[in-house]
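Peer 1:
There are 2 protein chains.
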Amino acid sequence: MKTTISKMAQLANVSEATVSRAINNKPEISKQTRQRILTLARQFNYQPNIMAKSLRSKRTHTIGLILADIENPYFAALTKAVERKAISEGYHVLLGIMVDDLQQQAEYVRLFQTGRVDGILLTSQKAEVNCLSQLDHMLDMKRRNFPFVYLGGVEYRDVDYITHDNELAAYNLISHLIDLGHRKIGFLHTKYATKMRELGYRKALADHDIPLNDELMVPIEVGIAQARQATEKLLNRPDRPTAIVGINDFVAFGVLQAVREFGLSVPQDVAVAGFDNIELVQSLDIPLTTVAISVEKMADEAINLLLKKIEGKKTKVPEHITIEPELIIRQSTQANRKKGDVEPEI
Amino acid sequence: MKTTISKMAQLANVSEATVSRAINNKPEISKQTRQRILTLARQFNYQPNIMAKSLRSKRTHTIGLILADIENPYFAALTKAVERKAISEGYHVLLGIMVDDLQQQAEYVRLFQTGRVDGILLTSQKAEVNCLSQLDHMLDMKRRNFPFVYLGGVEYRDVDYITHDNELAAYNLISHLIDLGHRKIGFLHTKYATKMRELGYRKALADHDIPLNDELMVPIEVGIAQARQATEKLLNRPDRPTAIVGINDFVAFGVLQAVREFGLSVPQDVAVAGFDNIELVQSLDIPLTTVAISVEKMADEAINLLLKKIEGKKTKVPEHITIEPELIIRQSTQANRKKGDVEPEI
DNA sequence: TTGTATCCCGTAACCGATTACGTAAACTTA
DNA sequence: TAAGTTTACGTAATCGGTTACGGGATACAA
């Protein structure tokens with residue numbers, strides 16, 4: 001038989017209210033009584049029933065995390081960071097993983113709103129394909145005043161979101177390559193998402209007076225195999241690029257492989273870089289240059305903002321927080337001079 | 001104002017009990033009344049409060065998933081499979097991610113048992129380092145009759161678990177290599193975990209009358225860099241192995257890199273293989289031979305068993321379910337004959 | 001001495017559902 | 001037609017907590 005508050009009350013010879021006060025650190029109780037009750041609680045392993053607690057107090061101390069794709073290491077890392085931060089704030093994480101489409105996202109939003117969670121963290125990836133539908137759920141939550149924060153690459157003016165400066169990230173990365181002397185820079189990107197990274201690419205070229213060559217910007221499906229294929233095509237061009245950037249580290253990894261299969265060396269013949277700084281690319285024989293965005297910072301900001309909304313301190317205007325990107329230069333763009341590698345030709 | 005059951009009762013001009021009967025498909029209600037209530041429910045977007053429901057019925061329809069390391073792609077895939085299966089059975093997944101030690105696992109077990117979840121799925125990895133402590137939590141849950149299932153590589157006789165036949169997996173993989181003519185097979189493994197794979201390695205050699213060479217079994221920390229280092233040492237031996245197996249695909253990936261850095265080719269000079277069949281290794285320029293264990297099957301079996309226990313149909317004796325491994329032969333051990341590659345010397 | 005503020009605690013309503021039990025009406029059966 | 005059964009629904013208890021409210025005891029000020 002589980003120890004309930006009424007049994008505790010009996011044991012301590014006080015009312016249930018007093019037990020509640022002792023457990024929850026309320027001030028209206030004497031030191032001695034609290035100590036006595038806490039000791040008994042430990043002794044009888046009393047754990048207040050969360051459901052009863054939530055029912056009355058209307059707080060579940062749980063947040064919902066809706067993910068697009070947990071098998072993407074970036075999201076896995078984000079999930080971990082979110083869970084850590086949540087626990088440290090006394091919250092739990094209820095998981096929702098979308099597999100196919102946005103229909104599911106709507107379903108999760110509905111399921112989570114039945115008193116199961118205090119707020120929702122929405123992560124998106126494929127969503128941009130059909131952003132109106134996604135925006136719908138969010139506006140719906142906004143209408144019923146349900147706390148949520150969007151974590152994503154696309155900025156929706158009307159809702160609170162945390163994002164990283166994708167444009168600046170790309171700008172910095174491309175500028176780095178230009179500084180190294182590259183003029184023909186391939187860019188494997190996705191058609192719908194990550195528009196901001198594309199903007200950064202364009203802006204960096206423009207700022208350095210390099211004419212844009214549309215054919216170096218190749219839209220692909222995200223994937224190592226697709227990246228390899230696209231890279232091969234790029235390398236077969238007469239004006240072969242001297243640098244190729246993937247829209248994320250996986251794509252960049254595919255590029256890296258393809259370049260070497262082609263018989264060229266990295267970074268001497270072709271520099272390679274990506275985005276996200278997933279663990280894998282640090283451990284490659286040629287570590288990848290990439291742009292990191294701290295998932296810890298994102299998780300921190302996201303949960304801070306969400307808790308602020310949950311606790312009712314919601315700002316009138318949607319809050320938009322941007323995490324600064326961090327360019328991480330590794331061997332795949334800049335050969336290690338100690339080993340006496342050749343400087344990239346200018 | 002949210003629609004509650006009492007408001008619904010008012011609207012439909014019936015008692016709350018009748019509303020409950022309509023919503024939950026109970027038989028003691030006439031067809032017409034049910035229809036009328038369901039229509040109203042849709043109209044007023046009535047969503048029963050989960051907390052109230054759980055408080056009374058003592059079922060949260062949530063399971064807790066305690067993970068060792070979500071950044072490992074294998075566990076990410078497992079998490080996804082578990083979530084999918086849970087949703088399809090009408091359950092949600094509450095996430096717990098351990099970072100450091102088993103202290104946290106105990107903490108999660110405690111937190112989750114306060115009426116938050118109906119049962120727990122325990123996944124483990126580093127646990128084997130200190131299995132007694134982990135076993136402690138499990139025996140504790142067993143004592144208080146709390147439903148849980150262990151998903152892991154180590155078999156604990158006393159608790160229900162789902163595992164894959166690690167010994168057979170290794171046995172099949174090593175046998176495959178032996179069949180290809182390999183006699184000197186390196187094995188990069190971890191000191192504590194995956195004893196079963198080590199057993200499979202030994203057994204396969206013994207069954208083929210190949211003497212065991214201790215020096216080919218190298219204990220390492222799991223990681224790409226560590227794998228590269230260990231591989232280099234193996235390749236520098238006078239009796240260089242003709243095949244090297246990593247304890248998981250990440251390690252195998254490190255091996256693959258190191259072998260090629262060393263100037264040898266895969267699989268002609270050195271065959272390489274791993275375990276887990278993570279997505280990455282399928283997309284390499286030289287796809288890796290590996291042993292897959294279906295995370296979907298694991299998730300299915302685990303949740304089926306867990307739900308059986310939750311629903312009280314618990315078997316007297318601990319149930320042990322083993323998922324069969326599947327050897328996936330790819331180019332890293334067997335060169336594609338179409339391309340006219342050389343057969344490995346026998 | 002009396003009034004009042006403070007401290008500590010108990011009483012009971014309440015959160016929103018489920019469910020055991022009771023019962024009137026309709027329907028069977030002898 | 002009387003008695004028993006079934007059907008459909010209402011009443012009220014209940015799950016295990018939180019919290020608004022009230023009141024007794026003590027301390028302190030007037």
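If you read the protein sequences in the order shown, they are chains A and B.
Each residue of the first sequence is one higher than the one before, starting from 1 at the first, in this note's numbering.
Each residue of the second sequence is one higher than the one before, starting from 1 at the first, in this note's numbering.
Think of the CB as a built atom: it goes at the ideal place given N, C-alpha and C, for glycine as much as any other residue.
Please read these numbers as outputs of a predicted model, since none were measured by experiment.
With A243 (chain B) as the anchor, note down where its alpha helix (DSSP H) starts and where it stops.
Peer 2: Element bounds for A243 (chain B): not the alpha helix (DSSP H) but the beta strand (DSSP E), A243 to G246.
Peer 1: Residues of the segment 234–261 of chain B with a CB closer than 9 Å to any CB of chain A: list them in chain order, please.
Peer 2: Against chain A - using a Cβ distance shorter than 9 Å - the residues of the segment 234–261 of chain B are F250, F253, G254, Q257, A258, R260 and E261.
Peer 1: Grab the span of the alpha helix (DSSP H) containing V251 (chain A) for me, first residue to last.
Peer 2: Its alpha helix (DSSP H) spans residues D249 to E261.
Peer 1: Measuring straight from C-alpha to C-alpha, what distance separates R260 (chain A) and R143 (chain A)?
Peer 2: Rounded to the nearest angstrom, the two C-alpha atoms are 53 Å apart.
Peer 1: Check this for me: beta carbons of G254 (chain A) and I278 (chain A), under 8 Å apart or not?
Peer 2: No, the Cβ-Cβ distance between G254 (chain A) and I278 (chain A) is not below 8 Å.
Peer 1: Which residue from A:I66, A:N24 and A:E28 puts its Cα closest to that of Y46 (chain A)?
Peer 2: Minimum Cα distance to Y46 (chain A) is reached at A:N24.
Peer 1: How big is the Cα-Cα spacing for E326 (chain B) and K297 (chain B)?
Peer 2: E326 (chain B) and K297 (chain B): Cα-Cα distance of roughly 12 Å.
Peer 1: Could you tell me whether any Cβ in chain B is nearer than 8 Å to the Cβ of N25 (chain A)?
Peer 2: Taking Cβ atoms only, chain B never reaches closer than 8 Å to N25 (chain A), which makes this a no.
Peer 1: Quick check: the Cα distance between L306 (chain A) and V270 (chain A), rounded to an integer number of angstroms?
Peer 2: Cα to Cα, the separation comes out at about 44 Å.
Peer 1: Between the segment 56–69 of chain B and the segment 68–75 of chain A, can you find at least three pairs of beta-carbon atoms closer than 8 Å?
Peer 2: Result no; under three Cβ-Cβ pairs closer than 8 Å.
Peer 1: Can you list the alpha helix (DSSP H) stretches of 4 or more residues lying completely in the segment 35–84 of chain B, in chain order?
Peer 2: List check, alpha helix (DSSP H) in window: 50–57.
Peer 1: DSSP three-state call for M8 (chain A): helix, strand or coil?
Peer 2: Note: M8 (chain A) maps to helix in three-state DSSP.
Peer 1: Check each residue of the segment 43–55 of chain A: if its Cβ is closer than 9 Å to any Cβ of chain B, include it; give the result in chain order.
Peer 2: Within the segment 43–55 of chain A, the qualifying residues are Q47, P48, N49, I50, M51, A52, K53, S54 and L55.
Peer 1: Quick one: Cα of Q104 (chain B) to Cα of T3 (chain B), how far?
Peer 2: Taking the straight line joining both Cα atoms gives about 39 Å.
Peer 1: If you draw a straight line from the alpha carbon of P318 (chain B) to that of Y74 (chain B), how long is it in whole angstroms?
Peer 2: Answer to the nearest angstrom: the Cα atoms are 26 Å apart.
Peer 1: Bridge partners for V117 (chain A) per DSSP, in chain order?
Peer 2: None; V117 (chain A) has no bridge partner.
Peer 1: Measuring alpha carbon to alpha carbon, tell me which of A:P219, A:Q334 and A:I310 ends up nearest L288 (chain A).
Peer 2: If we check each option's Cα against that of L288 (chain A), A:Q334 comes out closest.
Peer 1: What are the residues in the segment 135–166 of chain B lying within 8 Å of chain A by C-beta distance?
Peer 2: Listed by position, the residues of the segment 135–166 of chain B near chain A (Cβ gap below 8 Å) amount to none.
Peer 1: Please confirm whether any heavy atom of the ligand FMN lies closer than 7 Å to the CB of L180 (chain B).
Peer 2: Summarising the ligand content, the structure contains no ligands, and the ligand FMN is consequently not present.
Peer 1: Between which two residues does the beta strand (DSSP E) carrying M298 (chain A) extend?
Peer 2: From DSSP, M298 (chain A) is part of no beta strand (DSSP E) but of the alpha helix (DSSP H) over V295 to I310.
Peer 1: With a threshold of 8 Å, are at least 3 pairs of Cβ atoms found where one atom belongs to the segment 151–170 of chain B and the other to the segment 188–206 of chain B?
Peer 2: Output reads yes: the segment 188–206 of chain B touches the segment 151–170 of chain B.
Peer 1: With burial defined as no fewer than 16 other Cβ atoms inside 10 Å of the residue's Cβ, what is the status of Q134 (chain A): buried or exposed?
Peer 2: With 16 or more other Cβ atoms within 10 Å, it is buried.
Peer 1: Would H208 (chain A) and I247 (chain A) be called neighbours here (beta carbons separated by less than 8 Å)?
Peer 2: Contact: no.
Peer 1: Taking 8 Å as the CB-CB cut-off, is L173 (chain A) touching chain B?
Peer 2: No, L173 (chain A) does not count as interfacial toward chain B.
Peer 1: Is the CB of G312 (chain A) under 8 Å away from at least one CB in chain B?
Peer 2: Output row for G312 (chain A): interface = no.
Peer 1: Would the segment 183–192 of chain A count as touching the segment 236–247 of chain A if we require 3 or more Cβ pairs under 8 Å?
Peer 2: Judged by Cβ distances under 8 Å, the segment 183–192 of chain A makes contact with the segment 236–247 of chain A, as three or more pairs qualify.
Peer 1: What is the rounded straight-line gap between the Cα of A9 (chain B) and the Cα of S15 (chain B)?
Peer 2: In a straight line, the C-alpha of A9 (chain B) is about 5 Å away from that of S15 (chain B).
Peer 1: Using a Cβ-Cβ distance cut-off of 8 Å, determine whether A77 (chain A) contacts chain B.
Peer 2: Taking Cβ atoms only, chain B reaches closer than 8 Å to A77 (chain A), which makes this a yes.
Peer 1: For A17 (chain A), which residues from the same chain have a beta carbon less than 7 Å from its beta carbon, with the 5 sequence-adjacent residues on both sides left out?
Peer 2: So no residue of the chain qualifies.
Peer 1: Between which two residues does the alpha helix (DSSP H) holding G200 (chain B) run?
Peer 2: G200 (chain B) -> alpha helix (DSSP H) spans K195 to D207.
Peer 1: What are the complete beta strand (DSSP E) segments, minimum 3 residues, inside the segment 149–178 of chain B?
Peer 2: Counting whole runs of 3 or more residues, the segment 149–178 of chain B contains the beta strand (DSSP E) stretches 161–164.
Peer 1: May I ask which residues mark the beginning and end of the beta strand (DSSP E) holding L188 (chain B)?
Peer 2: I185 to H189 is the span of the beta strand (DSSP E), which, as asked, contains L188 (chain B).
Peer 1: What residues in the segment 94–114 of chain B bring their beta carbon closer than 8 Å to a beta carbon of chain A?
Peer 2: The segment 94–114 of chain B vs chain A, Cβ under 8 Å: L94, L95, G96, I97, V99, R110, L111, Q113 and T114.
Peer 1: Which same chain residues end up closer than 7 Å to V159 (chain B) when comparing Cβ atoms and leaving out the 5 residues on each side of it in sequence?
Peer 2: Within the same chain, V159 (chain B) has close Cβ partners M138, K142, Y150 and P318.
Peer 1: Note down, in chain order, every chain A residue with its Cβ under 9 Å from the Cβ of I223 (chain B).
Peer 2: In the sequence as displayed, the identity of residue 223 (chain B) is Gly instead of Ile. Going along chain A in sequence order, the residues near G223 (chain B) (Cβ under 9 Å) are S283.
Peer 1: At a Cβ threshold of 8 Å, is E71 (chain A) touching chain B?
Peer 2: Chain B, which has a Cβ nearer than 8 Å to the Cβ of E71 (chain A), makes this yes.
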